[in-house]
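Visitor:
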Amino acid sequence: MDPSAAKRTKDDLYLLYQRHVKTVYRVCYLYMKNPQDTEDMVQSTFLKLFQYPGEFSDSEHEKAWLIVTAGNLCKDQLKSWWRKRRVPLEESIQCQEVGPLPDETLEKVLALPPQYREALYLYYYEGYSTPELASILHKKEATVRSYLHRGRALLKMEIGGNEP
1 MDPSAAKRTK DDLYLLYQRH VKTVYRVCYL YMKNPQDTED MVQSTFLKLF QYPGEFSDSE
61 HEKAWLIVTA GNLCKDQLKS WWRKRRVPLE ESIQCQEVGP LPDETLEKVL ALPPQYREAL
121 YLYYYEGYST PELASILHKK EATVRSYLHR GRALLKMEIG GNEP
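Take 1 as the starting number for the sequence shown in the UniProt record's numbering and just add one per residue.
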């Protein structure tokens, strides 16, 4: 391979990292719920990307690939922890400043069951459409619409109390 092509590839991957690191961090934080594990999962996601740089000839799908990959890596890690009965250390969260805390609504979204949390976050905070969500979550569009509807209903109950 031509050295200049390798340099372009590294530059392209670095730009891709800069463009999407915040989104990948937010997705990982949805699952991991603490900064240390979130950073580990972000690193794993981008390491996977750097191992397979040729997969990104179509830039419009790179963000979706990163979100799906980050989610899958986080789910795998959580399953592994569950099998090992490992619990993340909560005191490390209290010692480190993460920056500004999420607003109250986002905190309520993060407390929802995983399927509703993923759907609502990707729909409202990342701006994906229902068909795009169906592709990312590997579900039918009707299922995604159901997740959004049920998630909104749960969120409304959480925010507004138990009123109908």
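Using N, Cα and C, we set each Cβ at its ideal position, and we do this for glycine too.
Excluding the 5 residues preceding and the 5 following GLN115 in the sequence, name in chain order all residues of the same chain whose CB lies nearer than 6 angstroms to its CB.
Guide: Excluding residues within five positions, the ones whose Cβ falls inside 6 angstroms are TYR147.
Visitor: If I measure Cβ to Cβ from GLY99 and keep anything under 6 angstroms in the same chain, skipping five residues before and after, which residues do I get?
Guide: The pLDDT assigned to GLY99 is 37, lower than 50, so where the model puts this residue is not dependable; a value taken from the coordinates is nonetheless given after this. Once the five neighbours on either side are set aside, GLY99 has no close Cβ partner at all.
Visitor: Measuring straight from C-alpha to C-alpha, what distance separates LEU66 and LEU49?
Guide: Between LEU66 and LEU49, the C-alpha separation is close to 8 angstroms.
Visitor: Return the residue from the list ARG117, LYS156, HIS149, ALA153 that minimises the CA-CA distance to ARG26.
Guide: The residue with the shortest Cα to Cα distance from ARG26 is ARG117.
Visitor: Taking only the alpha-carbon atoms, compute the straight-line gap between THR38 and LEU15 and give it to the nearest angstrom.
Guide: For THR38 and LEU15, the distance between alpha carbons rounds to 21 angstroms.
Visitor: With distances taken between CB atoms, is the gap from LYS79 to HIS20 smaller than 7 angstroms?
Guide: No. Outside cutoff.
Visitor: To the nearest angstrom, report how far apart SER135 and GLY160 are at their CA atoms.
Guide: Rounded to the nearest angstrom, the two C-alpha atoms are 32 angstroms apart.
Visitor: Rank LEU120, PRO113, MET41, TYR17 by C-alpha distance to the C-alpha of ALA70 and give the top, closest one.
Guide: When only C-alpha atoms are compared, the closest one is MET41.
Visitor: Does DSSP put ALA5 in a helix, in a strand, or in coil?
Guide: The predicted model places ALA5 with a pLDDT of 38, which falls under 50 and marks its position as unreliable, so this point remains unresolved.
Visitor: Looking at the structure shown, is ALA111 part of a helix, part of a strand, or coil, going by DSSP?
Guide: In the structure shown, ALA111 sits in coil (DSSP, three-state: anything other than H, G, I, E or B).
Visitor: Using alpha carbons as the reference points, say which of PRO35, VAL24, HIS61, VAL109 lies closest to GLU158.
Guide: The candidate whose alpha carbon is nearest that of GLU158 is VAL109.
Visitor: Identify the continuous alpha helix (DSSP H) that holds GLY160 and give its terminal residues.
Guide: Note, GLY160: alpha helix (DSSP H), 141-160.
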